[in-house]
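In our numbering, the protein residues as written are 1 to 319.
C-beta: ideal position from N, C-alpha, C; glycine also.
Owing to the predicted nature of the structure, the values given are computational and were not obtained by experimental measurement.
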Amino acid sequence: MNDLWQKVLADHYGRPETELMARLTCYSRHYFVTAQDGGHVLSRTVPEPRRLPYELQFGIVRGLLRRGVRTVQPPVLTTAGEPYVVTADGHRWCLRAYTPNDHIASWFLPDRIESAARHLAGLHRAGAGSWWTEQGLPDIDPATVDPFHWETGEVLDRLPWLLARAARSGITADALARVTAAARALSDERDQLDLAHRLGLYGLAHEDYRPDNLLVRNGKVVRILDWDLARRDHQLYDLAFAALQFGGRQCLRPSTSLVLADQFIDAYLKARELPGLRTEHPRLIDWMLRFAVVKRLFTNGITEERLRLLHRLERHLAG
1 MNDLWQKVLA DHYGRPETEL MARLTCYSRH YFVTAQDGGH VLSRTVPEPR
51 RLPYELQFGI VRGLLRRGVR TVQPPVLTTA GEPYVVTADG HRWCLRAYTP
101 NDHIASWFLP DRIESAARHL AGLHRAGAGS WWTEQGLPDI DPATVDPFHW
151 ETGEVLDRLP WLLARAARSG ITADALARVT AAARALSDER DQLDLAHRLG
201 LYGLAHEDYR PDNLLVRNGK VVRILDWDLA RRDHQLYDLA FAALQFGGRQ
251 CLRPSTSLVL ADQFIDAYLK ARELPGLRTE HPRLIDWMLR FAVVKRLFTN
301 GITEERLRLL HRLERHLAG
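In structure tokens:
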């Protein structure tokens, strides 16, 4: 089992002579290797039920490359011409060329935040409108995936079910009351989703755009990683979630700098030639920011930390 990665590289990628340089384990296990044709990263993923289709990410990357996006990277194809391989134990393996990158000690600098925001705007422009259907990408049936992967409108449609599940989870009455009030406020302003559709701000969403998923070289973003959560969704929700990630510690912590999050949003809107959006439609971005936190409360756990972030966000948006 320990040398299965070598067998995968030899049998499926035609690279029998490789040297392991490093391992990294997060959601997947990544093997950093060198071969005759340079450095590569071999990723092993354990299949989980009710996730988005694994192969969807490869169709998304192909479509973005067709649109001229150069910060995404296609996989190295197997000797059979496939983007990944499944071994007998059910694990999925995918090989990519290694991208040299610099260690970033801190993202909490305006120029870095604004650069990240501009790249997200570029992804959204490329994947807006009819792009999804033009690429032949599938619709996602919410009944087949975990609530974490539901599209924004699907979350709103199922708020009663999510609230009932939260009530059964053993959280305190106070926590349940707070998240219920936040959910009802979002539902009462559902017209903001209709507005976002009318503005054409619906299409490809990365769904996990955060500092750890960007590679930087010589001060420039050279690669955007981890497309396994990407789907079609409201792009302003994707913006809101990303802004909160770049405002502080990832995973939505109460220490998030909402000032930095605002800088991210402003840079994004400028890059999409929508600098007046927050003035013309003052409730729209605010709604998406609240939704980003509430969705994580329902899908990642109703914790006191996230409730504190929601409280801080409400105070910040109220001025």
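Query	Result
Which same chain residues end up closer than 7 Å to Gly129 when comparing Cβ atoms and leaving out the 5 residues on each side of it in sequence?	Gly200 and Gly203
Pull up the distance between the alpha-carbon of Lys7 and that of Thr45, whole angstroms please.	16 Å
Report back the beta-carbon spacing between Thr99 and Gln73 to the nearest angstrom; my notes put them in contact at under 8 Å.	7 Å
With DSSP run on the structure shown, which of helix, strand or coil describes Phe32?	strand
Measure the beta-carbon distance from Arg231 to Ile140 and round it to whole angstroms, keeping in mind my assumption that it falls under 8 Å.	6 Å
May I have the straight-line CA-CA distance separating Ala116 from Ile265, to the nearest angstrom?	10 Å
Identify the residues that DSSP records as bridge partners of Gly63: which are they?	Gly63 is not bridged to any residue.
Quick check: what's the CA-CA separation for Trp131 versus Pro83?	21 Å
Taking the alpha helix (DSSP H) that Glu134 belongs to, which residues open and close that run?	Trp131 to Glu134
Looking at Leu95 and His40, is the spacing between their C-beta atoms short of 8 Å?	yes
Within the stretch 53-126, note down every full alpha helix (DSSP H) run reaching 4 residues or more, in order along the chain.	56-66 and 110-126
Since Val33 contacts Leu20 with CB under 8 Å, what's their CB separation in whole angstroms?	6 Å
When you compare only the Cα positions, how much space is there between Asp174 and His149?	27 Å
Out of Gln263, Arg50, Phe246 and Leu24, which has the shortest C-alpha to C-alpha gap to Val145?	Arg50
Should the stretch 303-318 be regarded as contacting the stretch 277-295, the criterion being three or more beta carbon pairs within less than 8 Å?	yes
Would you kindly report the start and end of the unbroken alpha helix (DSSP H) that includes Ala166?	Leu159 to Arg168
Is it buried or exposed for Leu313, if we count other Cβ within 10 angstroms and need 16 for buried?	buried
Could you check whether Gln235 and Ala321 sit closer than 8 Å to each other, using their CB atoms as the reference points?	Residue 321 cannot be examined here, being either before or after the span of the chain that is shown, 1 to 319.
Going by other Cβ atoms of all chains shown within 10 Å of its Cβ, with 16 needed for buried, is Gln192 buried or exposed?	buried
Just the C-alpha distance for Met288 and Pro47, rounded to the nearest angstrom, thanks.	31 Å
In whole angstroms, what is the alpha-carbon distance linking Asp339 and Leu229?	Not covered by the structure: residue 339. The range shown for the chain is 1 to 319.
Does Ile224 come out as helix, strand or coil in the three-state DSSP assignment?	strand
Output yes or no for whether 8 Å exceeds the beta carbon distance between Leu9 and Thr18.	yes
How about Leu120 and Val69: do their beta carbons lie closer than 8 Å?	no
Within 7 Å: the Cβ of Asp228 and any heavy atom of the ligand GDP?	The model depicted lacks the ligand GDP and carries no ligand whatsoever.
Does Met1 come out as helix, strand or coil in the three-state DSSP assignment?	In this predicted model, Met1 has a pLDDT of only 47, less than 50, meaning its place in the structure is not dependable; the value taken from the coordinates is given anyway. The answer is coil: DSSP assigns Met1 none of H, G, I, E or B.
Note the first and the last residue of the continuous beta strand (DSSP E) segment covering Val216.	Leu214 to Arg217
What residue does the alpha helix (DSSP H) around Ser187 start on, and which one ends it?	Ala173 to Asp188
What number of angstroms, rounded off, separates the C-alpha of Pro75 from the C-alpha of Leu176?	44 Å
Reducing DSSP to helix, strand and coil, say where Val41 ends up.	strand
Rounding to the nearest angstrom, what Cα-Cα distance links Tyr237 and Arg217 in this structure?	28 Å
Give me the Cα-Cα distance between Thr299 and Pro147, rounded to the nearest whole angstrom.	6 Å
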